[in-house]
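Data first, discussion second: the structure below is written as structure tokens.
Residue numbers (this note's numbering): 10 to 139.
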């Protein structure tokens, strides 16, 4: 399976390298063409890897057990809530800073990098303490 992962990554990168000049120069899409080429190659890799994985494991079980789902949700619900709160807060604060101009946005980005570094450090220490 590991060889398949590396092979698919190479195939995706090769496809991206082929599509980039075609979409950028031949169709005149510019940077948007590069983005489209990247999206096409990434989705192709994802679909092929899911197809290969589905040969080895059952990806979607046919029977749905609501009790198991709610037990998973109960144990991971606080983590989901925390992740959503952080995501919404950072998205809104970045949007508000961007509306203020480039200098406040740069200051906001510096603060976000410091916060992310400290947050990841605290998470590592908390994990080690468990």
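By construction, the Cβ of each residue, glycine as well, lies at the ideal position given by its N, Cα and C atoms.
With at least 16 other beta carbons inside 10 angstroms of its own, residue 54 counts as buried. DSSP places residue 70 in the coil class of the three-state scheme, outside both helix and strand.
Between the alpha carbons of residue 71 and residue 125 lies a distance of about 40 angstroms. Going by beta carbons, residue 28 and residue 57 fall outside the 9 angstroms limit.
The beta-carbon distance between residue 121 and residue 99, rounded to whole angstroms, is 7 angstroms. This is short enough to meet the 8 angstroms contact definition. Annotation: residue 60 to residue 52 spans about 12 angstroms, alpha carbon to alpha carbon. Between the alpha carbons of residue 115 and residue 96 lies a gap of roughly 19 angstroms. A direct Cα-to-Cα measurement between residue 117 and residue 90 gives close to 24 angstroms. Where residue 110 is concerned, there is no enclosing alpha helix (DSSP H), because DSSP gives it neither an H nor an E. For the alpha helix (DSSP H) assignment, the uninterrupted runs of no fewer than 4 residues enclosed by the segment 10 to 84 are, from N- to C-terminal side, 11 to 30 and 40 to 65.
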